[in-house]
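Visitor: Protein chains in written order, with my numbering: chain F, 1 to 266; chain D, 267 to 532.
By construction, the Cβ of each residue, glycine as well, lies at the ideal position given by its N, Cα and C atoms.
Because the structure is a prediction, the values reported are computed rather than measured.
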DNA sequence: GAGTGGTCTAGACCACAAT
DNA sequence: TTGTGGTCTAGACCACTCG
């Protein structure tokens with residue numbers, strides 16, 4: 001059984017600033033520090049943990065970029081953490097709570113899983129030669145027993161031959177790629193649009209043709225820019241919402257959260 | 267007329283790392299460095315510009331967090347910049363290009379601008395006492411002459427009394443708040459949903475009732491968490507798409523871009 | 001004036017990648 | 001073995017906030 005780490009382990013292979021980051025995060029969470037409360041000053045943290053200011057500032061920077069604290073010249077570092085999401089929970093969380101956090105039951109049924117020569121349009125998206133073998137799958141995602149999203153995805157077979165004969169029922173594609181194939185998605189691009197359900201979509205999603213649906217297109221990339229996956233998903237409009245939390249940092253906006261009612265990390 | 271800055275100005279009030287950041291960004295853009303090309307090493311940059319490694323690393327960190335470069339231990343820093351967005355432009359940019367960058371003509375007409383006692387639901391969202399005076403406005407946003415979005419917004423009057431008698435036609439609310447009232451939005455929360463146009467929305471957006479629309483709710487906050495603005499916008503489904511670029515950094519996802527076909531920084 | 005975070009210097013040792 | 005970025009130290013001066 002591990003005891004809670006309360007000091008820096010100078011013999012650990014984990015960087016000091018990373019240890020301090022975790023320490024401070026725990027402190028904020030477990031001591032229930034509320035918004036506006038002060039963190040110890042940088043020099044205090046230096047003395048307290050016996051580390052240099054570089055380490056302290058590196059840890060604080062990570063905390064700030066996660067939106068947990070806010071640093072102010074001449075004043076200090078204040079906790080800002082739960083504030084925004086709390087305010088949200090009170091106001092906007094209504095018909096579709098954040099189910100990743102609340103652990104609502106999700107299920108996936110595989111409608112189709114085949115290896116095909118890549119269609120031209122998909123080939124250009126995935127930057128493949130036409131006819132290159134790809135895994136093509138159609139899946140239907142359920143939340144709490146209700147069909148929520150219909151997903152069509154394409155993955156180049158050569159990237160992960162093991163994918164050809166794996167059963168992805170109730171399994172995450174990303175997790176499979178990462179653990180079994182050693183493939184790590186490094187960036188992604190997603191486009192959201194509004195649409196109306198066609199006959200087939202309506203039948204699967206158990207809604208009426210013409211009912212509003214959210215169309216989500218996604219391309220995921222490896223570190224070097226190689227496309228890994230393209231998917232096209234249609235979400236029931238009446239059961240889906242996308243939530244985005246932004247924070248201004250150094251003249252930029254930074255993503256704090258990107259909540260999706262249905263788990264999209266296939 | 268300014269000449270292009272090619273060295274660090276040691277007398278400037280702009281931090282060195284910020285100057286170097288801009289310098290490198292310009293270099294990447296103007297020399298057309300392509301994905302995979304190497305940046306000078308950190309020690310080379312130190313010598314070249316006569317600055318310490320701390321400054322160099324600070325600049326590189328900013329570039330990396332923007333997704334322009336990628337640093338690799340033992341190897342160096344490589345440019346990764348345009349890659350993803352280029353891949354996108356080839357594939358997904360279709361019926362609605364990024365108009366912020368392309369400078370498409372946008373126009374805003376103010377349908378309503380009044381001071382009212384805050385309705386109960388809005389009051390709870392903005393964390394106000396009921397009946398507190400708020401600026402209530404309805405605006406219709408056009409792009410290239412077409413009506414695209416219908417926006418209803420609420421701003422507490424006390425935050426910016428000057429707002430009561432200003433004409434926001436073709437003017438950004440955020441810009442007004444920042445320059446005239448000294449109010450800076452520090453964070454925001456946005457929720458996207460699919461919906462169908464009702465009678466009134468359809469009339470303004472020049473579509474048919476029942477046609478798909480995107481519903482966008484937003485709450486903006488000051489640094490201390492004080493809500494500044496609530497708005498509810500309905501976008502024409504056939505003319506709107508939301509694009510999100512994500513990048514994994516240090517076990518987190520970071521926002522690279524959040525493109526909206528219609529400027530939402532009111 | 002005292003304390004804070006923002007910036008910067010001039011070193012150092014390390015793990016990792018390439019040769 | 002050499003060079004890279006990753007981590008870390010021990011200082012320094014500054015602008016800013018607050019009493």
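For residue 267 of chain F and chain D, any beta-carbon pair shorter than 7 Å?
Guide: Given a span of 1 to 266 for chain F in the structure shown, any question on residue 267 of chain F remains unanswerable.
Visitor: In chain order, what residues of the same chain lie with their CB nearer than 6 Å to the CB of residue 455 of chain D, ignoring the 5 residues before and after it?
Guide: 485
Visitor: If we ignore side chains and look at the alpha-carbon of each, how far apart do residue 145 of chain F and residue 151 of chain F end up?
Guide: 17 Å
Visitor: When the distance is taken between beta carbons, is residue 487 of chain D closer than 7 Å to residue 392 of chain D?
Guide: Against a cut-off of 7 Å, the Cβ pair of residue 487 of chain D and residue 392 of chain D comes out as no contact.
Visitor: Skipping 5 residues on each side, what residues in its chain have a beta carbon closer than 7 Å to that of residue 71 of chain F?
Guide: 60, 64, 77
Visitor: Between residue 510 of chain D and chain F, is the shortest Cβ-Cβ distance under 7 Å, so that the two count as touching?
Guide: yes
Visitor: Would DSSP call residue 283 of chain D helix, strand or coil?
Guide: helix
Visitor: Give me whichever residues DSSP pairs with residue 401 of chain D in a beta bridge.
Guide: D/381, D/421
Visitor: Beta-carbon within less than 7 Å of residue 475 of chain D's beta-carbon, same chain only, minus the 5 sequence neighbours each way: which residues are those?
Guide: The residues are 463, 464, 465, 468.
Visitor: Which residue from F/17, F/232, F/240 puts its Cα closest to that of residue 211 of chain F?
Guide: Residue 211 of chain F has its Cα closest to that of F/240, out of F/17, F/232, F/240.
Visitor: Do we get a CB-CB distance below 7 Å when we pair residue 448 of chain D with the residues of chain F?
Guide: no
Visitor: Straight-line CA distance for residue 234 of chain D to residue 424 of chain D?
Guide: The requested residue 234 of chain D does not occur in the structure, where chain D is confined to residues 267 to 532.
Visitor: Any beta-carbon of chain D closer than 7 Å to the one on residue 76 of chain F?
Guide: It does not; no Cβ of chain D falls within 7 Å.
Visitor: In the DSSP output, what is residue 40 of chain F paired with across the bridge?
Guide: DSSP output for residue 40 of chain F lists no bridge partner at all.
Visitor: Closer than 7 Å, CB to CB, is residue 241 of chain F near chain D or not?
Guide: Output row for residue 241 of chain F: interface = yes.
Visitor: Please list the terminal residues of the continuous alpha helix (DSSP H) segment that includes residue 236 of chain F.
Guide: For residue 236 of chain F, there is no enclosing alpha helix (DSSP H); the residue is found in the beta strand (DSSP E) stretching over 227-236.
Visitor: Between which two residues does the beta strand (DSSP E) holding residue 334 of chain D run?
Guide: Unbroken run through residue 334 of chain D: none, as it is neither H nor E.
Visitor: Do you know offhand how far residue 296 of chain D's Cα is from residue 315 of chain D's?
Guide: 19 Å
Visitor: Classify residue 7 of chain F: buried if its beta carbon has 16 or more other beta carbons within 10 angstroms, exposed otherwise.
Guide: exposed
Visitor: Just curious, the alpha helix (DSSP H) that residue 239 of chain F is in, first and last residue?
Guide: Careful: residue 239 of chain F lies outside any alpha helix (DSSP H) and carries neither H nor E.
Visitor: Going by other Cβ atoms of all chains shown within 10 Å of its Cβ, with 16 needed for buried, is residue 386 of chain D buried or exposed?
Guide: exposed
Visitor: Give me the Cα-Cα distance between residue 398 of chain D and residue 137 of chain F, rounded to the nearest whole angstrom.
Guide: 54 Å
Visitor: Quick check: the Cα distance between residue 80 of chain F and residue 140 of chain F, rounded to an integer number of angstroms?
Guide: Cα to Cα, residue 80 of chain F sits roughly 39 Å from residue 140 of chain F.
Visitor: To the nearest whole angstrom, what separates the beta carbons of residue 14 of chain F and residue 39 of chain F, a pair I think is in contact under 8 Å?
Guide: Actually they are not in contact, since the Cβ atoms of residue 14 of chain F and residue 39 of chain F sit about 21 Å apart, beyond 8 Å.
Visitor: How far does the beta strand (DSSP E) with residue 390 of chain D in it reach, from first residue to last?
Guide: Segment 386-392 is the alpha helix (DSSP H) holding residue 390 of chain D; no beta strand (DSSP E) there.
Visitor: Buried or exposed: where does residue 500 of chain D fall if 16 or more other Cβ atoms within 10 Å of its Cβ makes it buried?
Guide: buried
Visitor: Got a sec: is the Cβ-Cβ distance from residue 38 of chain F to anything in chain D below 7 Å?
Guide: no
Visitor: What residue from D/286, D/498, D/318, D/341 has the CA that sits closest to residue 303 of chain D's CA?
Guide: Among D/286, D/498, D/318, D/341, the Cα nearest to that of residue 303 of chain D is on D/341.
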